[in-house]
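A.B. asks: Mind having a look at this structure? Questions to follow.
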Amino acid sequence: MRKTLYIIGLSALVFSCTSQQNSKKRQYIPRTPVVKPKTAVKTTTTEKPKPQITNDHGVEFFTTNIADPTKNDNTVSYGSIVSAKPAGYKVVKTYFPAIAQNFRQKYLILHYTALPDDKSITVLTQQAVSAHYLVNNTGDNEIYQLVDENKRSYHAGVSAWRADKNLNDTSIGIEIVNMGYTADSIGKRVFVPFNDAQVKKVAALAKDIITRYQIPPTNVLAHSDIAPTRKQDPGPMFPWKKLYDEYQIGMWYDEAVKQSFYDLATSTDFQLKYNDPSFIFNVQTQLQKFGYALDLSGKWDDSTKKTIEAFQYHFRPQNYDGIMDAETFSILQALIQKYPVK
Ligand SMILES: [Zn+2]
Numbered sequence: 324m325r326k327t328l329y330i331i332g333l334s335a336l337v338f339s340c341t342s343q344q345n346s347k348k349r350q351y352i353p354r355t356p357v358v359k360p361k362t363a364v365k366t367t368t369t370e371k372p373k374p375q376i377t378n379d380h381g382v383e384f385f386t387t388n389i390a391d392p393t394k395n396d397n398t399v400s401y402g403s404i405v406s407a408k409p410a411g412y413k414v415v416k417t418y419f420p421a422i423a424q425n426f427r428q429k430y431l432i433l434h435y436t437a438l439p440d441d442k443s444i445t446v447l448t449q450q451a452v453s454a455h456y457l458v459n460n461t462g463d464n465e466i467y468q469l470v471d472e473n474k475r476s477y478h479a480g481v482s483a484w485r486a487d488k489n490l491n492d493t494s495i496g497i498e499i500v501n502m503g504y505t506a507d508s509i510g511k512r513v514f515v516p517f518n519d520a521q522v523k524k525v526a527a528l529a530k531d532i533i534t535r536y537q538i539p540p541t542n543v544l545a546h547s548d549i550a551p552t553r554k555q556d557p558g559p560m561f562p563w564k565k566l567y568d569e570y571q572i573g574m575w576y577d578e579a580v581k582q583s584f585y586d587l588a589t590s591t592d593f594q595l596k597y598n599d600p601s602f603i604f605n606v607q608t609q610l611q612k613f614g615y616a617l618d619l620s621g622k623w624d625d626s627t628k629k630t631i632e633a634f635q636y637h638f639r640p641q642n643y644d645g646i647m648d649a650e651t652f653s654i655l656q657a658l659i660q661k662y663p664v665k
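Residue numbers (the working numbering): 324 to 665.
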């Protein structure tokens with residue numbers, strides 16, 4: 324397995340070295356202005372300096388903001404440039420005028436593989452599923468990249484969050500090697516913990532991706548958040564709170580706000596109205612408002628229970644029974660208040 328990886332790594336290195344040479348050789352510096360239409364924007368001495376480009380192992384990066392971040396929150400460019408090489412023509416990219424642009428990478432989705440290290444690599448490289456990155460559990464300092472960030476990987480499947488669907492189109496996927504869960508004697512899922520070194524690796528990788536693409540906290544999610552009826556990963560053992568507290572990654576609620584919602588919930592007839600369809604409808608509406616895709620049936624149906632379970636995996640991992648108790652409901656309300664849909 325390591326041999327295969329080595330070969331993949333070696334060919335990637337050869338490729339990147341080659342493209343680096345090519346890009347240096349082919350760098351285009353126009354001596355005379357490119358033919359411009361008469362309505363072209365005037366170039367004056369007060370014009371903004373052209374953005375610098377660096378070349379890191381054959382991948383070109385803008386070193387400064389190429390657009391106006393006040394007009395779009397997602398335009399600071401530290402991403403790579405991929406452009407056409409049309410036969411007989413030159414694509415000029417030392418000048419990049421469009422301010423109307425943003426990144427396609429809007430989400431970061433975390434998974435566990437439910438497989439050991441070697442099988443995780445085999446499945447994610449040889450079968451119909453993949454992820455951009457795979458974080459192993461071998462204790463080394465390597466992170467495997469399986470898919471280019473500018474391409475889609477097949478990790479999310481049928482999925483939705485807030486107004487977005489099919490998140491493979493707009494997300495970066497990280498698979499974490501972890502064995503998932505086993506069922507205990509009463510059929511309850513018992514999840515396998517993540518070790519600290521692996522969590523640190525995930526945090527460093529996530530931080531890097533979130534920073535480069537300006538991914539908002541509301542879009543850093545579990546696979547179970549975007550596909551709650553199908554998926555449990557990365558499960559309740561994944562330390563979302565630690566990532567929030569120590570690395571400012573993703574969402575977490577404020578304890579005091581949660582407490583005030585909790586006081587309110589427990590002072591009312593929370594238990595009595597539990598099976599009241601209007602209460603269930605309200606719970607479903609709140610879950611939907613926060614981001615989950617579910618039908619407002621007014622019943623404690625299977626998909627609602629699984630959605631509550633997914634919410635608990637992420638935000639109330641001590642108890643993931645799929646029941647909307649007062650604590651779960653107060654956490655949900657505190658999160659909605661902190662992270663409203665814009
Ligand atoms: Zn997954």
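In this text, a Cβ means the ideal position worked out from N, Cα and C, and glycines have one as well.
Nearest to Leu-544 by alpha carbon, out of Lys-442, Pro-409, Tyr-435 and Tyr-412?
C.D. replies: Closest by alpha carbon: Tyr-435.
A.B. asks: Compute the minimum distance between the beta carbon of Lys-554 and the heavy atoms of ligand 1, and state whether it is under 7 Å.
C.D. replies: Under cutoff, so the answer is yes.
A.B. asks: Any heavy atom of ligand 1 closer than 7 Å to the Cβ of His-637?
C.D. replies: It does not: the Cβ of His-637 is nowhere closer than 7 Å to a heavy atom of ligand 1.
A.B. asks: At the level of alpha carbons, what is the spacing between Pro-640 and Ala-407?
C.D. replies: So the two alpha carbons sit approximately 47 Å from each other.
A.B. asks: Does the stretch 468-488 come close enough to the stretch 443-454 that 3 or more CB-CB pairs lie under 8 Å?
C.D. replies: The stretch 443-454 vs the stretch 468-488: in contact.
A.B. asks: Any idea what DSSP makes of Asn-378, helix, strand or coil?
C.D. replies: Strand, per DSSP.
A.B. asks: Tell me, to the nearest whole angstrom, how far the beta carbon of Ile-631 is from that of His-546; I am working on the premise that it is less than 8 Å.
C.D. replies: Ile-631 to His-546, Cβ: 17 Å. No contact.
A.B. asks: In whole angstroms, what separates the C-alpha of Val-458 from that of Ile-538?
C.D. replies: Looking at the two C-alpha atoms, the distance is approximately 20 Å.
A.B. asks: Report whether the distance from the Cβ of His-455 to the nearest heavy atom of ligand 1 is below 7 Å.
C.D. replies: No, the Cβ of His-455 stays beyond 7 Å of every heavy atom of ligand 1.
A.B. asks: Taking three-plus beta-carbon pairs below 8 Å as touching, is the stretch 605-612 in contact with the stretch 578-593?
C.D. replies: With the cut-off at 8 Å, the stretch 605-612 and the stretch 578-593 do not touch.
A.B. asks: Less than 8 Å between the beta carbons of Ala-520 and Ile-497, yes or no?
C.D. replies: Not in contact: Ala-520 and Ile-497 (Cβ atoms no closer than 8 Å).
A.B. asks: Just to confirm, is the Cβ distance from Ile-499 to Ile-532 under 8 Å?
C.D. replies: No, Cβ-Cβ distance for Ile-499 and Ile-532 is not below 8 Å.
A.B. asks: What do you reckon, are the CB atoms on Pro-559 and Tyr-615 nearer than 8 Å?
C.D. replies: No; because the gap between Cβ atoms is not below 8 Å, this pair is not in contact.
A.B. asks: Measuring CB atoms only, is the stretch 585-594 touching the stretch 560-569, in the sense that at least three cross pairs come out at less than 8 Å?
C.D. replies: The stretch 585-594 is not in contact with the stretch 560-569.
A.B. asks: Pick from Trp-623, Gln-660, Arg-475 and Ile-654: whose alpha carbon is nearest that of Ile-646?
C.D. replies: Ranking Trp-623, Gln-660, Arg-475 and Ile-654 by Cα distance to Ile-646 puts Trp-623 first.
A.B. asks: Could you name the residues of the same chain whose beta carbon sits closer than 7 Å to that of Gln-656, not counting the 5 residues immediately before and after it, in chain order?
C.D. replies: Result list for Gln-656: Phe-584 and Gln-609, in chain order.
A.B. asks: Go ahead and pull the three-state DSSP assignment for Ala-545.
C.D. replies: Residue state, collapsed to three classes: strand.
A.B. asks: Can you grab the Cα-Cα spacing for the pair Ser-601 / Gly-621, in whole Å?
C.D. replies: Looking at the two C-alpha atoms, the distance is approximately 6 Å.
A.B. asks: Can you list, in chain order, the residues of its chain with a C-beta nearer than 7 Å to that of Thr-505? Leave out the 5 residues immediately preceding and following it.
C.D. replies: Only Val-513 meet the Cβ criterion.
A.B. asks: Can you tell me where the alpha helix (DSSP H) holding Phe-584 begins and where it ends?
C.D. replies: Segment 578-590, the alpha helix (DSSP H) holding Phe-584.
A.B. asks: Which of helix, strand or coil does DSSP assign to Asn-345?
C.D. replies: Because Asn-345 sits at a pLDDT of 37, beneath the cut-off of 50, its placement in the model cannot be relied upon, and the following sentence gives the value as read from the coordinates. Of the three classes helix, strand and coil, the one that applies to Asn-345 here is helix, per DSSP.
A.B. asks: Quick one: what's Phe-514 bridged to in DSSP?
C.D. replies: Answer is Tyr-504.
A.B. asks: Expressed to the nearest angstrom, what Euclidean distance is found between the alpha-carbon atoms of Gly-503 and Ile-549?
C.D. replies: Gly-503 and Ile-549: Cα-Cα distance of roughly 18 Å.
A.B. asks: Which word fits Asn-473, buried or exposed, when buried means at least 16 other C-beta atoms lie within 10 angstroms of its C-beta?
C.D. replies: Answer is exposed; the Cβ neighbour count stays below 16.
A.B. asks: Using the beta-carbon count (16 or more within 10 Å), is Ile-509 buried or exposed?
C.D. replies: Per the 10 Å Cβ criterion, exposed.
A.B. asks: Which class does Tyr-430 belong to by DSSP, given the choice of helix, strand or coil?
C.D. replies: Note: Tyr-430 maps to strand in three-state DSSP.
A.B. asks: Could you give the DSSP three-state label for Ile-620: helix, strand or coil?
C.D. replies: Reading off the sequence shown, one finds Ser at residue 620, where the question assumed Ile. Of the three classes helix, strand and coil, the one that applies to Ser-620 here is coil, per DSSP.
A.B. asks: In whole angstroms, give me the CA-to-CA distance for Pro-663 and Pro-409.
C.D. replies: Looking at the two C-alpha atoms, the distance is approximately 45 Å.
A.B. asks: Report the rounded CA-to-CA distance for Gln-294 versus Thr-591, giving the unit in angstroms.
C.D. replies: The requested residue 294 does not occur in the structure, where the chain is confined to residues 324 to 665.
A.B. asks: Just the C-alpha distance for Thr-552 and Met-574, rounded to the nearest angstrom, thanks.
C.D. replies: In a straight line, the C-alpha of Thr-552 is about 21 Å away from that of Met-574.
A.B. asks: Quick check on the DSSP output: what are the complete alpha helix (DSSP H) runs of length 4 or more inside the stretch 595-646, in order along the chain?
C.D. replies: Entirely contained in the stretch 595-646, the alpha helix (DSSP H) runs reaching 4 residues are, in chain order, 600-613 and 625-638.
A.B. asks: Strictly by DSSP, which residues pair up with Ile-495?
C.D. replies: DSSP, once it has assigned bridges, lists Leu-431 as partnering Ile-495.
A.B. asks: With DSSP collapsed to three states, give me the class of Leu-566.
C.D. replies: In this structure, Leu-566 counts as helix in the three-state DSSP scheme.
A.B. asks: Looking only at its chain, what residues have a beta carbon closer than 8 Å to the beta carbon of Thr-541, apart from the 5 residues adjacent to it on each side?
C.D. replies: Excluding residues within five positions, the ones whose Cβ falls inside 8 Å are Arg-485, Met-574, Gly-614 and Tyr-662.
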